[in-house]
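Visitor:
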Amino acid sequence: MTNIKLYNKISKVGLDVFDNEKYTVSETVENPQGILVRSAALHDEPFGKELLAIARAGAGVNNIPIDRCSENGIVVFNTPGANANGVKELAIAALLLASRDIVGGVNWALSLKGTPDVAKQVEKGKSKFVGPEIKGKTLGVIGLGAIGGMVANAASDIKMKVIGCDPYITVKNAWSISRAVRKADDYDAIYAEADYITYHIPSLPTTKGIINKENIAKMKDGVRIINLSRGDLANIPDLIEALESGKVASYVTDFPCDELLGIPHVVCIPHLGASTPESEDNCAVMAAEELIDYIENGNIRNSVNYPEIILNRTESNRVVVLHENIPNIITQISGALASDNVNIESLLSQAKGNNAVSIFDTNDAITESVVNDISAINGVARVMVK
């Protein structure tokens, strides 16, 4: 039996993907070959030599020690796009929350309870909460991945003018974007034109604090900013200064922090982007399928630290080798197989940065000696026989 350890409550439809005759899936299993996690922090968790992979039922992997996993030949998966529709719908709501002071108006209306002639007071006081319509306004979308592309399309459908930028857009995502969405050459073009700006980019050393004084200065006066991606994209002191001056008319975020709570023109949503039953189901199913395909076949889809590699099985045995992306290593692995009289029928190798994966299919028996010979090669992190 293969042990899969759960670190959070995972949707049942995802757990049902595992064949209970092959897998034991629970929060209490020991020596797991796979981990299925949502938000639990794994940085201080010990990982045994048996651990092959970690699947995050969600997009962000800040709770997983990626470097340590790579050093130990542990593949880390996430589920990009599985929660995209849930985040897209919240982004559309955020556009409206950024335009009109709906939250402030609702809270003010609640404060009228028990006072005389509520209807009259509402008519008298509602002007404090008015705001512009979004139709015809320009939305800048920074990041056109699974979520950003859906937001751009949806905004175009409700008659916003949409301009987007993503230096790293994939061909697949590019094909999914409406022709009505205009391409910006860089973020500065968006800053100069957009009435609203929404961020759909990961938290990286190059993106942390991207909402800062320098970039805000390039934006239109009265710009409205939406950040449903990661809280640390914003330099909070710079953002508060811009809100107080009126340079930024409003800021809607899915990542509350103490500094922003109570600041006028800030709407803090309690991290609801992917908090829908549909998103949780989709993420759980995708994460489970990624783990199973890797554990059973060595195929990798949606890994954050290893390349995508998919090879259909046509032979009886398979050797999967996780190794450094260095010269001559595939030749050495092939040589080790040949020295043990293993004939390679199919071979596929892919690299991602310093990490690489090679799959060798054969009809010959794979003995412990073969595994030991490959494992002894400098730069090899893990050898698996499937």
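If you count by the working numbering, then the sequence shown holds residues 789 to 1174, one letter each, in order. For glycine and all other residues, C-beta sits at the position ideal for the given N, C-alpha and C.
1) Need the endpoints of the alpha helix (DSSP H) that residue 884 sits in, please.
2) Output the distance between the C-alpha atoms of residue 914 and residue 906, rounded to the nearest integer angstrom.
3) Given a threshold of 16 other Cβ atoms within 10 Å of its Cβ, counted over all protein chains shown, does residue 953 qualify as buried or as exposed?
4) Starting from residue 1045 and walking both ways along the beta strand (DSSP E), at which residues does that stretch end?
5) Can residue 1107 be considered in contact with the ligand SAM, in the sense that its beta carbon sits closer than 7 Å to one or more heavy atoms?
6) Which residue's Cα is closest to the Cα of residue 809: 792, 1154, 819 and 797?
7) Grab me the residues of residue 938's own chain with a C-beta within less than 6 Å of its C-beta, minus the 5 sequence neighbours each way, in chain order.
8) Are the beta-carbon atoms of residue 883 and residue 984 separated by less than 8 Å?
9) Taking Cβ to Cβ, would you say residue 847 is nearer than 8 Å to residue 868?
10) State yes or no: is the C-beta of residue 801 within less than 8 Å of the C-beta of residue 1091?
11) So, helix, strand or coil for residue 980, using DSSP?
12) Taking the straight line between their C-alpha atoms, what separation do you get for residue 843 and residue 1039?
13) Going by other Cβ atoms of all chains shown within 10 Å of its Cβ, with 16 needed for buried, is residue 1093 buried or exposed?
14) So, at 7 Å on beta carbons, what are the nonlocal neighbours of residue 879 in its own chain, with the 5 sequence-adjacent residues on each side left out?
15) For the candidate residues 1098, 1122, 822 and 1139, whose alpha-carbon lies nearest to that of residue 1131?
16) If we count Cβ pairs, one from each stretch, closer than 8 Å, do we get three or more for the segment 1026-1046 versus the segment 1071-1080?
17) Going by DSSP in three states, residue 917 sits in which element: helix, strand or coil?
18) According to DSSP, is residue 838 helix, strand or coil?
19) Do the CB positions of residue 982 and residue 928 come within less than 8 Å of each other?
20) Report the rounded CA-to-CA distance for residue 1161 versus residue 853, giving the unit in angstroms.
21) Determine the DSSP secondary structure at residue 846, reduced to helix, strand or coil.
22) Compute the Euclidean distance between the alpha carbons of residue 911 and residue 921, then round it to the nearest angstrom.
23) Is it true that the segment 1140-1160 meets the segment 1109-1123, where meeting means three or more beta-carbon pairs spaced less than 8 Å apart?
24) Within 10 angstroms of its Cβ, does residue 992 collect 16 or more other Cβ (buried), or is it exposed?
25) Skipping 5 residues on each side, what residues in its chain have a beta carbon closer than 7 Å to that of residue 1056?
26) Measuring alpha carbon to alpha carbon, tell me which of 1019, 990, 994 and 1028 ends up nearest residue 1004.
27) Please classify residue 936: is it buried, with 16 or more other beta-carbons within 10 angstroms of its beta-carbon, or exposed?
28) CA-CA distance, residue 837 and residue 932?
Guide: In short:
1) Here residue 884 is taken as the residue at index 96 of the sequence shown, counted from 1. That run of the alpha helix (DSSP H) goes 872-887.
2) Position 126 of the sequence shown holds residue 914. Position 118 of the sequence shown holds residue 906. So the alpha carbons of these two residues sit roughly 12 Å apart.
3) For the purposes of this step, residue 953 is identified with residue 165 of the sequence shown, where counting begins at 1. That one is buried.
4) Taking the sequence shown and counting its residues from 1, one reaches residue 1045 at position 257. It is not in any beta strand (DSSP E) - residue 1045 carries neither H nor E in the DSSP assignment.
5) What this structure holds is no ligand at all, so the ligand SAM is not there to describe.
6) Position 21 of the sequence shown, counted from the first residue, corresponds to residue 809. Comparing Cα positions, the closest option is 792.
7) In the sequence shown, the residue the question calls residue 938 occupies position 150. Excluding sequence neighbours, residue 938 sits near 872 and 876.
8) Counting from 1 along the sequence shown, the entry for residue 883 is found at position 95. Counting from 1 along the sequence shown, the entry for residue 984 is found at position 196. Yes. Within cutoff.
9) Here residue 847 refers to the residue found at position 59 when the sequence shown is read from its first residue. Here residue 868 refers to the residue found at position 80 when the sequence shown is read from its first residue. Yes; because the gap between Cβ atoms is below 8 Å, this pair is in contact.
10) One-based indexing of the sequence shown puts residue 801 at position 13. One-based indexing of the sequence shown puts residue 1091 at position 303. Cβ distance not < 8 Å, so residue 801 and residue 1091 don't count as in contact.
11) The sequence position of residue 980 within the sequence shown is 192, counting from 1. Helix.
12) Here residue 843 refers to the residue found at position 55 when the sequence shown is read from its first residue. Here residue 1039 refers to the residue found at position 251 when the sequence shown is read from its first residue. Using only the alpha carbons, I get a separation of about 32 Å.
13) For the purposes of this step, residue 1093 is identified with residue 305 of the sequence shown, where counting begins at 1. Buried: at least 16 other Cβ atoms inside 10 Å.
14) In the sequence shown, residue 879 corresponds to position 91, counting from 1. Only 939, 986, 1014 and 1016 meet the Cβ criterion.
15) By 1-based counting over the sequence shown, the position of residue 1131 is 343. Minimum Cα distance to residue 1131 is reached at 1122.
16) no
17) Counting from one through the sequence shown, the residue named residue 917 turns up at place 129. Helix, per DSSP.
18) Stepping through the sequence shown from its first residue, residue 838 is reached at position 50. Three-state result, residue 838: coil.
19) Reading the sequence shown from its first residue, position 194 is the one you call residue 982. Reading the sequence shown from its first residue, position 140 is the one you call residue 928. Going by C-beta atoms, residue 982 is nearer than 8 Å to residue 928.
20) Taking the sequence shown and counting its residues from 1, one reaches residue 1161 at position 373. Taking the sequence shown and counting its residues from 1, one reaches residue 853 at position 65. Their Cα atoms are separated by approximately 29 Å.
21) Reading the sequence shown from its first residue, position 58 is the one you call residue 846. Three-state DSSP puts residue 846 in coil, outside helix and strand.
22) If you number the sequence shown from 1, residue 911 lands on position 123. If you number the sequence shown from 1, residue 921 lands on position 133. Roughly 20 Å separates the two Cα atoms.
23) yes
24) Working through the sequence shown from its first residue, we reach residue 992 at position 204. Result: exposed.
25) Residue mapping note: residue 1056 aligns to position 268 of the sequence shown, counting from 1. Around residue 1056: 1041, 1044, 1048 and 1049.
26) Within the sequence shown, residue 1004 is the residue found at index 216, counting from 1. Comparing Cα-Cα distances from residue 1004 to each of 1019, 990, 994 and 1028, the minimum goes to 1028.
27) Taking the sequence shown and counting its residues from 1, one reaches residue 936 at position 148. By the 10 Å Cβ count, residue 936 comes out buried.
28) To locate residue 837, count along the sequence shown from 1; it is residue 49. To locate residue 932, count along the sequence shown from 1; it is residue 144. For residue 837 and residue 932, the distance between alpha carbons rounds to 38 Å.
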